[in-house]
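Notes for the one structure printed next.
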Amino acid sequence: LRLERTALGELIVNPPTGWKTGKLNWSISGELYLWWRNAGEPGKAFDSSTGFILPNGATRSPDACWVSGERWQALTPEQKGTFANICPDFVVELRSSSDRVQSLEAKMTEYIDNGARLGWLIDPQQRLVEIYRPVAAVEVLENPTELSGEEVLPGFVLDLGRVWD
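Structure, rendered in structure tokens:
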């Protein structure tokens, strides 16, 4: 089970993912890890088991994420506690068959409102990606072949062929 907490303190219980979603999460986290390693290990990259306490007080656990080195180093040892007190710069949420799209969209907006600079909501069932950025409308892509990390993750490209298969 994956537990999260809203900014209002409400507990959210998420069931374990099925094998398809688990495989996709692993693949996306693996691609992020390879970019991180090949780019000289800038910042910190995390998988879906990592929780963060956002500035609004919510505890969230994105499916994959990254925090810039500058922001990570600015945290005190106390802020780097069990759950770091920071919103990642980059977040990925992968919709599983049990997820409600509206809940995930609200979560993505929460990340952006709390400091994320780029967010991808990937929906394998619909072959859709919603791209979230600060002060910009959500961009919806239908059946894209790849996603770019843009200026947030320079050089990171996620090949969606593996996600859609």
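For the sequence shown, my numbering begins at 1215 and goes up steadily by one. Note that beta-carbon positions come from the ideal geometry of N, C-alpha and C, so glycine has one too. From a predicted model like this one, the values you see are computed outputs, not experimental measurements.
>> Mapping the DSSP letters down to three states, classify N1239 as helix, strand or coil.
In response: Within the sequence shown, residue 1239 is the residue found at index 25, counting from 1. Of the three classes helix, strand and coil, the one that applies to N1239 here is helix, per DSSP.
>> Classify L1222: buried if its beta carbon has 16 or more other beta carbons within 10 angstroms, exposed otherwise.
In response: Residue numbering aside, residue 1222 sits at position 8 when the sequence shown is read from its first letter. Result: exposed.
> Bridge partners of I1345, per DSSP?
Replying inline: Taking the first residue of the sequence shown as position 1, residue 1345 is located at position 131. Bridge partners of I1345: W1334, E1353.
> With contact counted as at least three CB pairs below 8 Å, one residue from each stretch, are the region 1306–1321 and the region 1226–1243 in contact?
Replying inline: The region 1306–1321 is in contact with the region 1226–1243.
>> Please list the terminal residues of the continuous beta strand (DSSP E) segment that includes L1318.
In response: Here the question's residue 1318 lines up with position 104 in the sequence shown. Where L1318 is concerned, there is no enclosing beta strand (DSSP E), although the alpha helix (DSSP H) it sits in stretches over 1315–1327.
>> Our contact map puts R1380 next to E1218 with C-beta atoms below 8 Å; I'd like the distance itself, whole angstroms only.
In response: Only positions 1215 to 1379 of the chain appear in this structure, which leaves residue 1380 out of reach.
> Helix or strand or just coil, what does DSSP make of E1292?
Replying inline: Here the question's residue 1292 lines up with position 78 in the sequence shown. E1292 falls in the coil class under three-state DSSP.
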